[in-house]
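Using numbering that gives the first Met the number 0, you'd call the opening residue of the sequence shown number 0 and step up by one each time. C-beta: ideal position from N, C-alpha, C; glycine also. Down below is the structure, laid out as structure tokens.
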Amino acid sequence: MTWVYIEDIAGYRDKDIELRGWLYNKRSSGKIRFLQLRDGTGLIQCTAFNPDKDNPLFKKIDSLTQESSLIVFGKVKEDPRAPGGFEIETSDIDIVQIADEYPITPKEHGTQFLMEHRHLWLRSRRQNAVLQIRVDVIRAIRDFFDGRGFRNMDTPFLTPSACEGTSTLFETEYFDQKAFLSQSGQLYNEATAAAFGKVYCFGPAFRAEKSKTRKHLIEFWMVEPEVAFAVLEDIIELGEDLIVFIMDRVLTRRRNELEILERDTAPLERIKKPFPRMTYEEILPKLNEKGSDIKWGGDFGAPEETMFGEIFHHPCCITHFPAEIKAFYMQPDEKRPDTVLGVDFFADEGYGELIGGGQRIHDLKLLEQRLKEHKLPREAYEWYIDLRKYGTFPHSGFGLGVERTLGWICGTKHIRETIPFPRLLYRIYP
Ligand code: 4AD
Ligand code: MG
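Shown next as structure tokens:
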């Protein structure tokens, strides 16, 4: 018999097939047994009917516990009443293992308990839906950049220097030297952009952030495009296009999962470009009106991030931040040299910053001065300085956080649900 995955079942109408998976749930009523089988690609009901309750198939079925692994043999039947539109008329099953009593039951469990059992929690319906959408978001990101002629240039995770500031670096040993886990591939991207024009890197980023919020991970995934000769405006448009592309993909392909998550899709459906935009200076009084006491030079926190949604009812772009709150590499605005040509994209509904980026300093003297002001060791950045000596070029880029984007799309309460094994402050198990 042919081994088929549940997601492909529609192609096997009235055929005898075999499914391999785990018992999600079961029910019996008299001469009928109902098994809910999951195989990672979906959930399907397998029914077994027999007038003789002592028959061997029923004995096997009755011995199954939650999450037992098994192979089901049967015929695919179309049934409009069944979730997914199909069910299996079971002719036989092979038991691979009768599972021990499964710790995660349909009753409510506390977060601590679920996090301790993350390796099993992944199998539940909600977690499955979030992580399935993650697969589609990641594929959409790659399709977007590959489709626009970007070259994927992966950057190292072990690095000799900081990108986003020294306070959140993880330090490790690199033979007889010190090394740090990468916070961002950006600086290396700037070099590959000079070699390939437009590039992106896509990988994990590590931040030793002592913030215990529902939006911070210690290890997260980030896609970072970098475009030679692009200015701030170009990169804002690129970010808008990327978000619209991702949203379109998820809304087209993953309605089912969004429904499982009970996500109200109306706010997602209305996303379109151009996104509302304001400078840092323009947004301050609006935030103050809403009760924030943020002043010039202050960073946005969770309350401000929630206010963005109330102000714009759409993801928004904030630009032209005070230089002092941004990284050393940000290009100052000619007209307002105390501000930089940076942009942050914020989700609505309080989901926080999705994208951070902007235009980079391309002037040699200015970069040298900034490295000094930020007390960064010149030796470690010598190669980066070189890029400003040999055919320097205005250039811009950004980083989009996969988990932030996914948390927003799925409407998860906490970012821990958006990655299979979240690394959180003080949690590295499992
Ligand atoms: O704003 P960030 O720190 O920007 C950079 O790293 C730039 N070097 C990127 C670039 O220009 N190439 O981070 C970019 C995005 C944020 O907007 C957010 O979505 C995500 O990365 N991010 C986090 N996601 C989860 N947990 C954290 N601790 C995050 N820190 C940043
Ligand atoms: Mg940022």
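Tell me whether Glu416 counts as near ligand 1, meaning its Cβ is closer than 7 Å to at least one heavy atom of that ligand. Residue 416 sits at position 417 when you count from the first residue of the sequence shown. Glu416: no, Cβ never under 7 Å from ligand 1.
Cβ neighbour criterion (16 or more within 10 Å) applied to Val249: The sequence position of residue 249 within the sequence shown is 250, counting from 1. Val249 comes out buried.
Find the nearest neighbour of Phe144 within the set Ala81, Ile242, Pro105, Gly73, judged by alpha-carbon distance. Against the sequence shown, residue 144 aligns to sequence position 145. Selected option, being the one with the closest Cα: Ile242.
Please report the straight-line C-alpha distance between Asn437 and Phe33, rounded to a whole angstrom. In the structure as shown, the chain begins at 0 and stops at 429. Residue 437 is therefore absent and cannot be evaluated.
In the DSSP assignment, what are the bridge partners of Ala204? Counting from one through the sequence shown, the residue named residue 204 turns up at place 205. DSSP lists Phe219 as partners of Ala204.
Ligand 1 and Ser183: does any heavy atom of the ligand fall closer than 7 Å to the residue's C-beta? To locate residue 183, count along the sequence shown from 1; it is residue 184. For ligand 1, at least one heavy atom lies less than 7 Å from the Cβ of Ser183.
Inter-residue CB distance, Phe392 and Phe228 (contact presumed, cutoff 8 Å): Position 393 of the sequence shown, counted from the start, is the residue given in the question as residue 392. Position 229 of the sequence shown, counted from the start, is the residue given in the question as residue 228. Phe392 to Phe228, Cβ: 6 Å. Contact.
Put Leu130 into one of helix, strand or coil per three-state DSSP. In the sequence shown, residue 130 corresponds to position 131, counting from 1. Leu130 falls in the helix class under three-state DSSP.
Should Leu424 go down as buried or exposed, given a rule of 16 or more other Cβ atoms within 10 Å for buried? Along the sequence shown, read from residue 1 onward, the residue named residue 424 stands at position 425. Looking at its Cβ environment, which holds fewer than 16 other Cβ atoms inside 10 Å, Leu424 is exposed.
Distance between His373 and Lys271 (C-alpha atoms, nearest Å): On the sequence shown, position 272 is the one that residue 271 refers to. On the sequence shown, position 374 is the one that residue 373 refers to. Rounded to whole angstroms, Lys271 to His373 spans 38 Å at the Cα level.
Terminal residues of the beta strand (DSSP E) in which Arg387 lies: Working through the sequence shown from its first residue, we reach residue 387 at position 388. Following the DSSP letters along the chain, one finds Arg387 in no beta strand (DSSP E), marked with neither H nor E.
Rounded distance between the beta-carbons of Phe345 and Phe307, thought under 8 Å: The sequence position of residue 307 within the sequence shown is 308, counting from 1. The sequence position of residue 345 within the sequence shown is 346, counting from 1. Indeed they touch by this definition, with Cβ atoms about 5 Å apart.
Hey, how far is the Cα of Glu225 from the Cα of Leu130? Residue mapping note: residue 225 aligns to position 226 of the sequence shown, counting from 1. Residue mapping note: residue 130 aligns to position 131 of the sequence shown, counting from 1. C-alpha separation (whole angstroms): 27 Å.
Could you tell me which whole beta strand (DSSP E) segments of length 3 or greater appear in the stretch 49 to 112? 68 to 77, 85 to 96
Strictly under 8 Å for the Cβ-Cβ distance: is Ala229 near chain C by that measure? The chain inventory of the structure shown lacks chain C, comprising one protein chain alone.
Which of helix, strand or coil does DSSP assign to Phe274? Here the question's residue 274 lines up with position 275 in the sequence shown. Phe274 falls in the coil class under three-state DSSP.
Between the C-alpha atoms of Arg415 and Ala204, what's the straight-line distance to the nearest angstrom? Along the sequence shown, one-based indexing puts residue 415 at 416. Along the sequence shown, one-based indexing puts residue 204 at 205. Each residue's alpha carbon lies about 15 Å from the other.
Is Gly349 near ligand 2, judged by its Cβ being under 7 Å from some heavy atom? For the purposes of this step, residue 349 is identified with residue 350 of the sequence shown, where counting begins at 1. No.
Which value, in whole angstroms, describes the spacing of the CA atoms of Asp247 and Asn127? Taking the sequence shown and counting its residues from 1, one reaches residue 247 at position 248. Taking the sequence shown and counting its residues from 1, one reaches residue 127 at position 128. For Asp247 and Asn127, the distance between alpha carbons rounds to 20 Å.
Quick one, are the C-beta atoms of Glu17 and Ile60 less than 8 Å apart? As a first step, residue 17 must be located in the sequence shown, where it is residue number 18. As a first step, residue 60 must be located in the sequence shown, where it is residue number 61. No, Cβ-Cβ distance for Glu17 and Ile60 is not below 8 Å.
Any heavy atom of ligand 1 inside 7 Å of the beta-carbon of Thr246? One-based indexing of the sequence shown puts residue 246 at position 247. Correcting the residue identity first, residue 246 is Met in this sequence and not Thr. Not one heavy atom of ligand 1 lies closer than 7 Å to the C-beta of Met246.
Can you tell me which of Leu286, His312, Val95, Ile317 puts its alpha carbon nearest to the alpha carbon of Glu303? Working through the sequence shown from its first residue, we reach residue 303 at position 304. The shortest C-alpha separation from Glu303 is found at Leu286.
Which same chain residues, not among the five before or five after Arg37, have their C-beta less than 7 Å away from its C-beta? Sequence index remark: in the sequence shown, residue 37 carries index 38 (1-based). If we look at Arg37 and ignore the five residues flanking it on each side, its Cβ neighbours are Gly20, Trp21, Tyr23.
To the nearest angstrom, how far is the alpha carbon of Tyr199 from that of Leu399? Within the sequence shown, the letter at position 200 stands for residue 199. Within the sequence shown, the letter at position 400 stands for residue 399. Each residue's alpha carbon lies about 11 Å from the other.
Would you give the residue range spanned by the alpha helix (DSSP H) that Asp233 belongs to? Looking up residue 233 in the sequence shown gives position 234. Here the alpha helix (DSSP H) through Asp233 covers 231 to 252.
Gly238 beta carbon near ligand 2 (any heavy atom closer than 7 Å): Position 239 of the sequence shown, counted from the first residue, corresponds to residue 238. Answer for Gly238: no, Cβ out of range of ligand 2.
Nonlocal neighbours in the same chain, by C-beta distance under 8 Å from Thr40, ignoring five residues either side: Locating residue 40 in the sequence shown gives position 41, counting from the first residue. If we look at Thr40 and ignore the five residues flanking it on each side, its Cβ neighbours are Tyr4, Ile5, Glu6, Asp7.
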